[in-house]
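Remarks on the structure that follows.
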Amino acid sequence: MLAASPGERLRTLRDLLGLTQEQLAAASGVKQSWISQVETSAREATEEGLRAIATTTGTPLRFFEVQSSTVPLDSLRFRKLSSASKVMTRRVHALYSESYRLTESLLAAENYPTPPLPYATADTLTQGDIEELAHQTREALRLAPDKPIPHLTRVLERAGVAIAPLVLTDDPEDAPAGGGHFGVSYWGGVATPALIGYFSGSHGDRERFTLAHEVGHLVLHTFRPRADDPEGEANRFAGALLVPRVRAESCISERKSLVEYARMKATWGVSIQALIQRGAALGLINDTRKRSLFVQLSAKGWRKNEPVVVGHEAPLLLWTLLSRHYGQQPYRPAAEDLAIHPTVLRSIAPTPAERSNKPTKLAMASVHQITSEISNQVTARPGRPDADPPLFPPDS
Amino acid sequence: MGRCCVAPSPTSHLNFRRDNITSMVKGHVERVRSALLGLCEPLHDAFTWAEQLRRERLPELSKGPAYRWHATHTVRALAHYRLCQMSGEIGGWKLSGNHSQNGALWLTDGSYRARILHTLDECDVPPPGTNRARRAFYRNPLLLDEMPLFGEANDKLLILWNINPMSLVVSFRVVRTIGNWTWGTPAKTDLDFPLPQTAEELADLAFEPSDEDLGLELPSEEEEGEGDNDVGGIPG
């Protein structure tokens, strides 16, 4: 295996923490030009410089020594808004890749099974092909062929697909989580682990759909990386997985009103809008009907705020693996062992108490603290030569 | 009572204060509102669908006010067709009247009668004109502060529809007329309120994920004894 590149690792750390070179330099006392040159391989990193940065940010020094994840970055699949910026996408890459590296270690240590998912190989897929693959996926996940999925997260985790909530350190409260990203996933294929990362939002139905969409990428695009319309295919797969065709055909018709769609939402845990799209994908409603339903959704104010609450699903697998090895307060000891900043662990494996409330908000509070404290240092002690003590807050 | 100009919001529900209805007639409003609840969803659904279909099939009619009349007639006809299809599913109401006669779109639940009329301006109430039958329909007795002692309530109502040309959202307003008037003079109505988009209470509906019987199965779990608290490590 190739040795880790400290420059690449330094860049990854900045992406994880959302720090510019200037901010990191001011906080750590290391020159900005040094950081820049190390990142571009124009000069060798020194242990002293890396140690100053590690100490300042509360990152284990070994972070700079470990090899990045084996995930080929161009094979990552995203579900995101078109407005998501390239910088944010790069940061999501970094966060996901580190999460994948940790997940590989945790699953391998436990000898946890790899997912038995089906996979597509054909150049093009029809709607019928996608329906069939969704059916096979239900079989692989040990789900009934025609019933609502009671807890998609747990079903996937049981089958070996790890689920990780992702939190960017400086995600503002009022902006879309993850800078407009919803989910990201990677699976190397048979006998390799799979990880789905998602940015938690306010709607449980959106999270369920994001998970199903990412499963679609795992099944449809692991061996078809150049598919013409991967996002469209993954959306159709998500609908097929969550609401199997046989049930959709009996529930959805031209005559169904929005109130009836709302009742279906309470049964299937799928948004009204996704149910309408599902009906359209199967030809159960035509374009005119679809448009008239969306006009009514807008008129009712349901495009952004649908009725019928869908509860959040909380991941459990990574926390379980982590706490089995490191106890109920695992973040600090695990961060040293796994050579990662503890916030990443807190993000992808939140404690059960955090999960029962809004998991990401608590994690965000801590990382906000880090970045704001570093920002304070930037203004308070510019060019301070000595490294500061770790800024990371006490373990929970 | 004079004309009550209400600008119905598509998402609004009844608001007695805004609708300027005195406490004396609140009981009547509630009575009429309850009778109309079953119409909320079907009417909005049928007219929204009709407008979409009209735009798809006859987009030329959207180009300028000269064809607006034709677009209105087409939407009304398509809505009638849709409501015919929904027969039995319009909240206890059924179509009445002769649609072939100038596109009449009337509804009744056996007691109440309602005529569905188009308005260009959502504040207007079309006057009855000179047609005697229509003038008679407009002539409801004044509301009393007591409910009728004998027999069923049999109000004759107008349901006024209007389509926002930008959002394509259809809105409906219910009025109870109490006489005749001519264009340009205040409409004579004593009830006037927007028809809600949805009558059904959805607040209690929810989907709560459950992982009961979906416990994680850790491969090495059985190998470890109960109470084994060994806290090991994982190489990074």
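In order, the protein sequence lines correspond to chains U and B. Last residue of the first sequence: 1883 (this note's numbering), numbering continuous. Last residue of the second sequence: 266 (this note's numbering), numbering continuous. Just so it is clear, CB atoms sit at the ideal spot from N, CA and C, and this is done for glycine as well.
Does the beta carbon of residue 86 of chain B come closer than 9 Å to any beta carbon on chain U?
yes
For residue 1799 of chain U, which residues from the same chain have a beta carbon less than 6 Å from its beta carbon, with the 5 sequence-adjacent residues on both sides left out?
A distance below 6 Å between beta-carbons, with the five flanking residues on each side excluded, links residue 1799 of chain U to the following residues of its chain, in chain order: 1691.
When you compare the CB positions of residue 1649 of chain U and residue 1627 of chain U, do they come within less than 9 Å of one another, or not?
For residue 1649 of chain U and residue 1627 of chain U, no; Cβs fall outside 9 Å.
Does residue 145 of chain B come out as helix, strand or coil in the three-state DSSP assignment?
strand
If I measure Cβ to Cβ from residue 1802 of chain U and keep anything under 6 Å in the same chain, skipping five residues before and after, which residues do I get?
1640 and 1650
Taking only beta-carbon positions, decide if residue 1600 of chain U is within less than 9 Å of chain B.
yes
Could you give the distance in angstroms between the alpha-carbon of residue 1506 of chain U and the alpha-carbon of residue 1492 of chain U?
In a straight line, the C-alpha of residue 1506 of chain U is about 19 Å away from that of residue 1492 of chain U.
Determine whether the Cβ of residue 1689 of chain U lies closer than 9 Å to any Cβ atom of chain B.
no
Would you give the residue range spanned by the beta strand (DSSP E) that residue 123 of chain B belongs to?
No beta strand (DSSP E) contains residue 123 of chain B, which DSSP labels as neither H nor E.
Label residue 1693 of chain U either buried or exposed according to how many other C-beta atoms from any shown protein chain fall within 10 Å of its C-beta, with 16 as the threshold for buried.
buried
Please state whether the Cβ-Cβ distance between residue 21 of chain B and residue 104 of chain B is less than 9 Å.
Only positions 31 to 266 of chain B appear in the structure, and residue 21 of chain B is not among them; the question remains open.
So that I know if they touch, is there some Cβ in chain U lying closer than 9 Å to that of residue 138 of chain B?
no
DSSP beta-bridge partners for residue 208 of chain B?
B:169
Report the rounded CA-to-CA distance for residue 208 of chain B versus residue 1614 of chain U, giving the unit in angstroms.
When the Cα atoms are used, residue 208 of chain B and residue 1614 of chain U turn out to be separated by approximately 58 Å.
What's the call for residue 1672 of chain U, buried or exposed, on a 16-neighbour Cβ count within 10 Å?
buried
Assuming the contact rule is C-beta atoms closer than 8 Å, residue 1543 of chain U and residue 1514 of chain U should be a hit. Round their C-beta distance to whole Å, please.
5 Å
Along chain B, in chain order, which residues have C-beta atoms closer than 7 Å to that of residue 1638 of chain U?
239, 240, 241 and 244
Along the alpha helix (DSSP H) that carries residue 1537 of chain U, what are the first and last residues, could you check?
Residue 1537 of chain U: member of the alpha helix (DSSP H) spanning 1534-1544, first to last residue.
Could you list which residues in chain B have their beta carbon closer than 9 Å to that of residue 1523 of chain U, in chain order?
Chain B residues near residue 1523 of chain U: none, gap ~27 Å exceeds 9 Å.
State buried or exposed for residue 1595 of chain U, treating a residue as buried only when at least 16 other CB atoms are found within 10 Å of its CB.
exposed
Residue 161 of chain B: which of B:212, B:172 and B:86 sits nearest, CA to CA?
Answer by Cα proximity: B:212.
Cα separation between residue 1522 of chain U and residue 1512 of chain U?
7 Å
List the DSSP bridge partners of residue 202 of chain B.
B:191
Can residue 1758 of chain U and residue 1793 of chain U be called in contact, C-beta distance under 9 Å?
Contact flag set, yes.
Would you report the Cα separation of residue 1822 of chain U and residue 1763 of chain U, rounded to the nearest angstrom?
45 Å
Let me know if residue 1585 of chain U comes out buried or exposed under the rule of 16 or more other beta-carbons within 10 Å of its beta-carbon.
buried
Just the C-alpha distance for residue 1676 of chain U and residue 1582 of chain U, rounded to the nearest angstrom, thanks.
21 Å
Rounded to a whole number of angstroms, what is the C-alpha to C-alpha distance between residue 1789 of chain U and residue 1710 of chain U?
Here the alpha carbon of residue 1789 of chain U sits roughly 38 Å from the alpha carbon of residue 1710 of chain U.
According to the neighbour-count rule (16 or more other Cβ atoms, all chains shown, within 10 Å of its Cβ), is residue 100 of chain B buried or exposed?
exposed
Run through the DSSP bridge pairs and tell me what residue 138 of chain B is partnered with.
B:124 and B:143, per the DSSP bridge assignment.
Would a check of beta-carbon distances place residue 199 of chain B closer than 9 Å to chain U?
yes
So, is the C-beta of residue 248 of chain B closer than 9 Å to a C-beta in chain U?
yes
Rounded to a whole number of angstroms, what is the C-alpha to C-alpha distance between residue 246 of chain B and residue 1647 of chain U?
10 Å
Which residues mark the beginning and the end of the beta strand (DSSP E) in which residue 1648 of chain U is found?
1648-1652
May I have the straight-line CA-CA distance separating residue 1530 of chain U from residue 1827 of chain U, to the nearest angstrom?
24 Å
Please classify residue 1615 of chain U: does DSSP put it in a helix, a strand, or coil?
helix
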